[in-house]
Amino acid sequence: MLVSGRRRLAALLQAQPWPFQPSRDMRLVQFQAPHLMGPHLGLEPGNGGGVINLSAFDPTLPKTMIEFLGQGEAALSVAKRALAAQLPVLPRSDVTFLAPVTRPDKVVCVGMNYVDHCKEQNVPVPKEPIIFSKFSSSIVGPYDEVVLPPESQEVDWEVEMAVVIGKKGKHIKATDAMAHVAGFTVAHDVSARDWQMRRNGKQWLLGKTFDTFCPLGPALVTKDSVAGDVILTGTPPGVGVFRKPPVFLKKGDEVQCEIEELGVIVNKVV
Amino acid sequence: MLVSGRRRLAALLQAQPWPFQPSRDMRLVQFQAPHLMGPHLGLEPGNGGGVINLSAFDPTLPKTMIEFLGQGEAALSVAKRALAAQLPVLPRSDVTFLAPVTRPDKVVCVGMNYVDHCKEQNVPVPKEPIIFSKFSSSIVGPYDEVVLPPESQEVDWEVEMAVVIGKKGKHIKATDAMAHVAGFTVAHDVSARDWQMRRNGKQWLLGKTFDTFCPLGPALVTKDSVADPHNLKICCRVNGEVVQSSNTNQMVFKTEELIAWVSQFVTLFPGDVILTGTPPGVGVFRKPPVFLKKGDEVQCEIEELGVIVNKVV
Numbered sequence: 025m026l027v028s029g030r031r032r033l034a035a036l037l038q039a040q041p042w043p044f045q046p047s048r049d050m051r052l053v054q055f056q057a058p059h060l061m062g063p064h065l066g067l068e069p070g071n072g073g074g075v076i077n078l079s080a081f082d083p084t085l086p087k088t089m090i091e092f093l094g095q096g097e098a099a100l101s102v103a104k105r106a107l108a109a110q111l112p113v114l115p116r117s118d119v120t121f122l123a124p125v126t127r128p129d130k131v132v133c134v135g136m137n138y139v140d141h142c143k144e145q146n147v148p149v150p151k152e153p154i155i156f157s158k159f160s161s162s163i164v165g166p167y168d169e170v171v172l173p174p175e176s177q178e179v180d181w182e183v184e185m186a187v188v189i190g191k192k193g194k195h196i197k198a199t200d201a202m203a204h205v206a207g208f209t210v211a212h213d214v215s216a217r218d219w220q221m222r223r224n225g226k227q228w229l230l231g232k233t234f235d236t237f238c239p240l241g242p243a244l245v246t247k248d249s250v251a252g253d254v255i256l257t258g259t260p261p262g263v264g265v266f267r268k269p270p271v272f273l274k275k276g277d278e279v280q281c282e283i284e285e286l287g288v289i290v291n292k293v294v
Numbered sequence: 029m030l031v032s033g034r035r036r037l038a039a040l041l042q043a044q045p046w047p048f049q050p051s052r053d054m055r056l057v058q059f060q061a062p063h064l065m066g067p068h069l070g071l072e073p074g075n076g077g078g079v080i081n082l083s084a085f086d087p088t089l090p091k092t093m094i095e096f097l098g099q100g101e102a103a104l105s106v107a108k109r110a111l112a113a114q115l116p117v118l119p120r121s122d123v124t125f126l127a128p129v130t131r132p133d134k135v136v137c138v139g140m141n142y143v144d145h146c147k148e149q150n151v152p153v154p155k156e157p158i159i160f161s162k163f164s165s166s167i168v169g170p171y172d173e174v175v176l177p178p179e180s181q182e183v184d185w186e187v188e189m190a191v192v193i194g195k196k197g198k199h200i201k202a203t204d205a206m207a208h209v210a211g212f213t214v215a216h217d218v219s220a221r222d223w224q225m226r227r228n229g230k231q232w233l234l235g236k237t238f239d240t241f242c243p244l245g246p247a248l249v250t251k252d253s254v255a256d257p258h259n260l261k262i263c264c265r266v267n268g269e270v271v272q273s274s275n276t277n278q279m280v281f282k283t284e285e286l287i288a289w290v291s292q293f294v295t296l297f298p299g300d301v302i303l304t305g306t307p308p309g310v311g312v313f314r315k316p317p318v319f320l321k322k323g324d325e326v327q328c329e330i331e332e333l334g335v336i337v338n339k340v341v
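This is the structure in structure tokens:
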């Protein structure tokens, strides 16, 4: 799936008439390594390969993605130079991937945003987006564990594409919106259906925001980007709760959420 | 209103029988001033008086409340020494108060948490707290404007007591909860009722989280400074007229229970804000309903904590 994604992208790039821009597909990560103190910024030169230590390339760069995004083009151009330089690549097995964004101001989520996902629930397609949220404290890394809370018996999976904001804005017109996007990443909108649908006065927050219920990653894949707010854009059909009978996650399960060109996140359920 | 408020407070303080404890009444603030670069931490020696520049007293202190709280007792003891020292007080008119906490990880809100507020809506008192949230981006200072969004015709007031977390925790027992509290402040849970109750699939977030819909302040009153947070008069006035008047003893779920409840689901971090619910008297349940309009002035006041004043624009 991943290899064919890269081939398709290469074909797409060759077909496009624009000049060669090595910076077009930049994969930014936050990572930790045993020999490094605290979180660092890195580049994943290829989807699924090792990691270049961006902070080592330029120690004046911020060490968090949000601060990096806040510096806009200035920081991005440093990253582009790093990509072009022949830098040592840390083996993937030597590093721990963090979520590409941690502690954003907000994690915005959209409900019922896939046509077939509405169909499987027998609800009409919404005329306006239905917006809810997760707390930033629910964010974990792309290979971290999802912890089943003792308080729920109905934990369900939801793969989603996440959009990361790069530029502040209010009352943004749709036609201007992409200028505010830093990039995209894979998200897993883990959901406790009992809490979401039947408890808490049917306000979805608690069911959606248990600790570890928001794996993100593995990388922030930039468009020509360009501070950190994350928007989960909805999930397709196939979630456990609407199956007959319903299926939920149990200890020992492993969930893989994959989006073409963006990557795969793998979360073990404990 | 400020002048009579200060006089009333002075009278209240004189009437109370507690001994003079210079550290007992610690009121932490975040503020800006024209001669200072960026936000600073300060102390409000009296409710409604001037501000002591805590950052000037000890430049090694963090400049944000969240970092200050994260340093726990070490930072608090510096603040206590500052209170005891004879430091210059900046006149209140010379400073701009920010919210006492900005950019917390979360703003947790509790619905239907006053018995009479349930009655006025004709809903049963919840058996479990109903939890929703506002984005941190909705937070503004205690004297900032509340901006009416063009997207809503039904913006309503809600005075609330807010709890600020001081110590990280998960699965916190109610009996341990107060150890995780840094202090209390006044909150105004501004709400767009059309969005909250009829739109967005009846998920309350959008109606509750418009920019400027969470004024907080004026100070983080540390928990040692408040004799009993569950016995404080709480009221809201719109253009001088009392619209909400109650006591925090009417809360269905008190601070300890709320912390225990919420911490089952999520880890609480220093700086996290919990708005604990509003008493009856909100505009939407009046007959006919009343909503805020440009030019209105809302005052949210809680005994011992202070008053926040927000002009509606």
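First to last, the protein sequences are chains A and B.
Each number in our numbering comes from the position in the first sequence (counting from 1) with 24 added on.
Each number in our numbering comes from the position in the second sequence (counting from 1) with 28 added on.
Virtual Cβ for every residue (Gly too), placed ideally from N, Cα, C.
Contact with chain A by residue i, beta-carbon distance below 8 Å
| i | result |
| --- | --- |
| B/L303 | no |
| B/L248 | no |
| B/G235 | no |
| B/D222 | no |
| B/S180 | no |
| B/F212 | no |
| B/I287 | no |
| B/S219 | no |
| B/Q278 | no |
| B/F238 | no |
| B/I158 | yes |
| B/S165 | yes |
| B/T295 | yes |
Residue j beta carbon less than 8 Å from that of residue i
| i | j | result |
| --- | --- | --- |
| A/L60 | A/A106 | no |
| B/V192 | B/L126 | no |
| B/V342 | B/R120 | Chain B is shown only over 29 to 341; residue 342 of chain B falls outside these bounds and no answer can be derived. |
| B/P90 | B/F96 | yes |
| A/P173 | A/A216 | yes |
| A/F16 | A/L111 | Outside the modelled stretch of chain A, which goes from 25 to 294, sits residue 16 of chain A, for which no answer is possible. |
| B/C146 | B/D217 | no |
| B/E188 | B/A215 | yes |
| A/D235 | A/D129 | no |
| B/T304 | B/L286 | yes |
| A/L114 | A/A186 | no |
| A/V183 | A/T259 | yes |
| B/T213 | B/S166 | no |
| B/S94 | B/V129 | Going by the sequence as given, residue 94 of chain B is Ile instead of Ser. A contact, by the Cβ cut-off of 8 Å. |
| A/V131 | A/S160 | yes |
| A/G207 | A/V245 | yes |
Status (buried if at least 16 other CB within 10 Å, exposed otherwise) for residue i
| i | result |
| --- | --- |
| B/T276 | buried |
| A/V188 | buried |
| B/N267 | exposed |
| B/N75 | buried |
| B/M65 | exposed |
| B/N81 | buried |
| B/G211 | buried |
| B/V290 | buried |
| B/D184 | buried |
| A/G73 | exposed |
| B/P298 | buried |
| B/G401 | A question about residue 401 of chain B goes unanswered here, because the residues of chain B that appear run from 29 up to 341. |
| A/G62 | exposed |
Proximity test, Cβ basis, 8 Å: residue i and chain B
| i | result |
| --- | --- |
| A/L297 | Nothing in the structure corresponds to residue 297 of chain A, since chain A is present only between 25 and 294. |
| A/D129 | yes |
| A/E175 | yes |
| A/F156 | yes |
| A/D49 | no |
Residue i versus the options, residue with shortest Cα-Cα distance
| i | options | result |
| --- | --- | --- |
| B/P178 | B/K195, B/A220 and B/C146 | B/A220 |
| B/E284 | B/Q114, B/V326 and B/G197 | B/G197 |
| B/D300 | B/S161, B/V174, B/G311 and B/V341 | B/S161 |
| A/E68 | A/P124, A/S161, A/G94 and A/V132 | A/P124 |
| A/R127 | A/W219, A/N71 and A/E91 | A/E91 |
| A/V119 | A/M50, A/Y167, A/V205 and A/V254 | A/Y167 |
| B/C320 | B/V175, B/T130 and B/L111 | A quick correction: the sequence has Leu, not Cys, at residue 320 of chain B. Measuring from the Cα of B/L320, the nearest candidate turns out to be B/V175. |
| A/A211 | A/A99, A/G287 and A/M50 | A/G287 |
| A/K158 | B/P152, B/K134 and B/M225 | B/K134 |
| A/I154 | B/L260, B/Q181 and B/Q224 | B/Q224 |
Worksheet item: Where are the beta strand (DSSP E) runs, 3 residues long or more, that stay fully inside the segment 194-257 of chain A, in chain order?
Response: Within the segment 194-257 of chain A, the complete beta strand (DSSP E) segments at least 3 residues long are 205-212, 238-246 and 254-256, listed from N- to C-terminus.
Item to complete: Would you mind listing the beta strand (DSSP E) stretches within the segment 170-231 of chain B that are 3+ residues and don't spill past its ends, in chain order?
Response: Within the segment 170-231 of chain B, the beta strand (DSSP E) runs of at least 3 residues that lie entirely inside it are, in chain order, 187-193 and 209-216.
Worksheet entry | Length at least 4, wholly inside the segment 64-123 of chain A: the alpha helix (DSSP H) runs in chain order | With a minimum length of 4 residues, the continuous alpha helix (DSSP H) runs that stay inside the segment 64-123 of chain A are 78-81, 89-94 and 96-108.
Worksheet item: What alpha helix (DSSP H) runs, 4 residues minimum, are completely inside the segment 227-313 of chain B?
Response: Qualifying alpha helix (DSSP H) stretches, in chain order: 233-236 and 283-293.
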